[in-house]
Amino acid sequence: MSYKKRKKQLVSLFEVPDDENDRLAYSYLFSILSSVEQIAVLAAERGAGVKGQLEDELVHRDAFKNVAKKCGGYRDDCPEIKELIEYLTNLKGETSMAALNVVAEGWLGCIFENIAHLSPKFFNSVGEDENRHNGYALAYKIPNSHELEPIIRDLEYLLFKIAQSPNFILPITHFLGLHDTGKMGLKVKEAHIKSCNHLNVKYNLNDYTKFCRGAILSKNNQPVEASMNTWQKNKQNIWNVSHDILIQEEYDIKINNPLKIQAKIIEALGKILQIEPRFKLVTRNKKLYYVQRSMIGIRAMYDNSQLMTIYIDANQRYNNLLKGLINKTRRSINKEYKLIPDVNHLLPILPPSQCPIILSYIGKYGTKWGYTQNGDIEGVSITLFLGENENGKQPITIVADHRVHDGHDITLFAHMLKRFL
Numbered sequence: 524m525s526y527k528k529r530k531k532q533l534v535s536l537f538e539v540p541d542d543e544n545d546r547l548a549y550s551y552l553f554s555i556l557s558s559v560e561q562i563a564v565l566a567a568e569r570g571a572g573v574k575g576q577l578e579d580e581l582v583h584r585d586a587f588k589n590v591a592k593k594c595g596g597y598r599d600d601c602p603e604i605k606e607l608i609e610y611l612t613n614l615k616g617e618t619s620m621a622a623l624n625v626v627a628e629g630w631l632g633c634i635f636e637n638i639a640h641l642s643p644k645f646f647n648s649v650g651e652d653e654n655r656h657n658g659y660a661l662a663y664k665i666p667n668s669h670e671l672e673p674i675i676r677d678l679e680y681l682l683f684k685i686a687q688s689p690n691f692i693l694p695i696t697h698f699l700g701l702h703d704t705g706k707m708g709l710k711v712k713e714a715h716i717k718s719c720n721h722l723n724v725k726y727n728l729n730d731y732t733k734f735c736r737g738a739i740l741s742k743n744n745q746p747v748e749a750s751m752n753t754w755q756k757n758k759q760n761i762w763n764v765s766h767d768i769l770i771q772e773e774y775d776i777k778i779n780n781p782l783k784i785q786a787k788i789i790e791a792l793g794k795i796l797q798i799e800p801r802f803k804l805v806t807r808n809k810k811l812y813y814v815q816r817s818m819i820g821i822r823a824m825y826d827n828s829q830l831m832t833i834y835i836d837a838n839q840r841y842n843n844l845l846k847g848l849i850n851k852t853r854r855s856i857n858k859e860y861k862l863i864p865d866v867n868h869l870l871p872i873l874p875p876s877q878c879p880i881i882l883s884y885i886g887k888y889g890t891k892w893g894y895t896q897n898g899d900i901e902g903v904s905i906t907l908f909l910g911e912n913e914n915g916k917q918p919i920t921i922v923a924d925h926r927v928h929d930g931h932d933i934t935l936f937a938h939m940l941k942r943f944l
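Residue 637 in this note's numbering sits at position 114 of the sequence shown, with consecutive numbering throughout.
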């Protein structure tokens with residue numbers, strides 16, 4: 524069968540879903556797969572594959588691209604994938620053959636196997652080809668392992684970057700969920716270990732393993748969808764993004780140390796979340812979710828700048844909260860500052876936040892009350908801005924997302940906070 528007929532037949536095996544968010548996720552997933560398949564094309568072009576492998580890889584690559592177009596468009600905007608392909612393109616010699624055929628093909632086959640249930644006819648057809656390619660690759664002549672080892676280290680680093688890329692991880696978790704995505708990641712690790720053992724090269728996937736296991740464990744903390752009354756549904760229909768309402772109060776907190784103030788407030792927030800489950804609600808994609816744990820996000824400070832958000836379990840005593848806050852802040856300061864990836868283009872498939880409340884200390888560097896737009900990236904429903912402590916009074920601006928809470932809720936929240944402080 525000709526290349527064109529094979530490609531057309533393969534594309535016809537995929538049924539485009541009716542759901543708009545599924546189509547968005549598929550457009551990015553298949554765009555990624557098409558880009559990654561370029562690695563297999565590189566391997567086949569270098570003449571180290573089985574008979575017909577180059578045509579197989581071209582069919583897969585272009586079929587993935589066509590499916591992406593049918594689901595909303597081909598997305599050629601993943602810098603992590605481009606970095607990997609550029610790296611592999613520049614590899615030369617027998618070591619590059621091993622890296623491309625043994626390691627890369629092992630990853631691809633494992634990924635296809637774990638997402639096959641999304642479109643069985645489509646991915647089973649692709650999987651048959653990939654298994655044949657990988658079987659040949661494992662019989663390939665083993666090059667000098669000393670030359671290959673630094674290449675494997677580079678590939679592991681690039682693999683981890685792709686695993687964390689929003690364009691890859693968000694579509695995958697949209698379909699598989701965090702738990703099964705983490706499981707798939709560990710299977711990719713097993714495939715990589717098998718490849719390294721075959722090539723007599725050591726492997727190092729410690730950070731990648733932690734990432735995968737973190738995804739598996741986070742299943743226990745996944746927010747649960749909550750039922751909505753008519754008023755709540757109306758609010759979701761009125762506002763597509765965060766719509767803020769706020770209240771400004773001064774609280775008697777006889778503490779001057781900002782860290783101790785934050786620990787005291789976190790303790791109070793923990794009590795509020797235990798008594799009033801409504802404050803554990805978050806929203807995502809016109810739905811409400813109950814957060815299972817009382818996690819509070821804290822803005823860690825470094826050189827008078829907001830460094831990152833650290834997370835504290837509010838269901839602890841004050842002394843433990845303070846100790847945890849100090850330790851986590853120190854660890855955050857010592858970490859390299861990382862750029863938060865842009866996920867605005869994937870907001871419809873972003874999972875709900877596991878943290879309903881953010882606490883931000885801005886002191887004298889903010890406005891009088893410290894109010895800034897709450898935003899919607901983190902998906903939190905309540906943000907507290909702590910101003911400078913003046914005359915024993917602690918000014919706090921409480922900002923709530925009106926899609927989740929109304930005026931009654933935020934007033935009750937402010938009253939309860941004053942009671943526990």
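Each residue gets a CB set at the ideal place from its N, CA and C atoms; glycine is no exception.
- prompt: Among 682, 579, 871 and 884, which residue has its Cα nearest to the Cα of residue 630?
  reply: 682
query: residue 793 to residue 638, Cα distance in whole Å?
result: 40 Å
message: Rounding to the nearest angstrom, what Cα-Cα distance links residue 822 and residue 778 in this structure?
response: 19 Å
message: Can you list, in chain order, the residues of its chain with a C-beta nearer than 6 Å to that of residue 816? Leave out the 5 residues immediately preceding and following it.
response: 744
Nearest candidate by alpha-carbon position, reference residue 621, set 539, 879 and 721: 721
message: Taking contact to mean 3 or more Cβ pairs, one atom from each stretch, closer than 8 Å, check whether the segment 573–592 and the segment 526–542 are in contact.
response: yes
- prompt: Are there three or more Cβ pairs, one per stretch, closer than 8 Å when the segment 840–859 is compared with the segment 795–804?
  reply: no
field: As assigned by DSSP and simplified to three states, the class of residue 576
entry: helix
task: Measure the beta-carbon distance from residue 907 to residue 882 and round it to whole angstroms, keeping in mind my assumption that it falls under 8 Å.
output: 5 Å
- request: With DSSP as the reference, label residue 525 as helix, strand or coil.
  value: coil
Segment limits, alpha helix (DSSP H) that includes residue 673: 668–687
- prompt: Taking the DSSP output, what are the residues bridged to residue 918?
  reply: 773
- prompt: Does the distance from the C-beta atom of residue 746 to that of residue 813 stay below 8 Å?
  reply: yes
task: From the DSSP output, in three-state form, read off residue 767 for me.
output: strand
message: Buried or exposed, going by whether 16 or more other CB atoms sit within 10 Å of the CB of residue 790?
response: buried
message: Could you tell me the alpha carbon to alpha carbon distance between residue 756 and residue 943, rounded to whole angstroms?
response: 32 Å
task: For the segment 730–805, list the beta strand (DSSP E) runs that are entirely contained and at least 3 residues long, ordered along the chain.
output: 747–749 and 767–775
message: Suppose you measure from the CA of residue 671 to the CA of residue 619; what does that come to, to the nearest Å?
response: 8 Å
message: Quick check on the burial criterion: 16 or more other C-beta atoms within 10 angstroms. Buried or exposed for residue 599?
response: exposed
Cα-Cα separation between residue 740 and residue 836, rounded to whole angstroms: 16 Å
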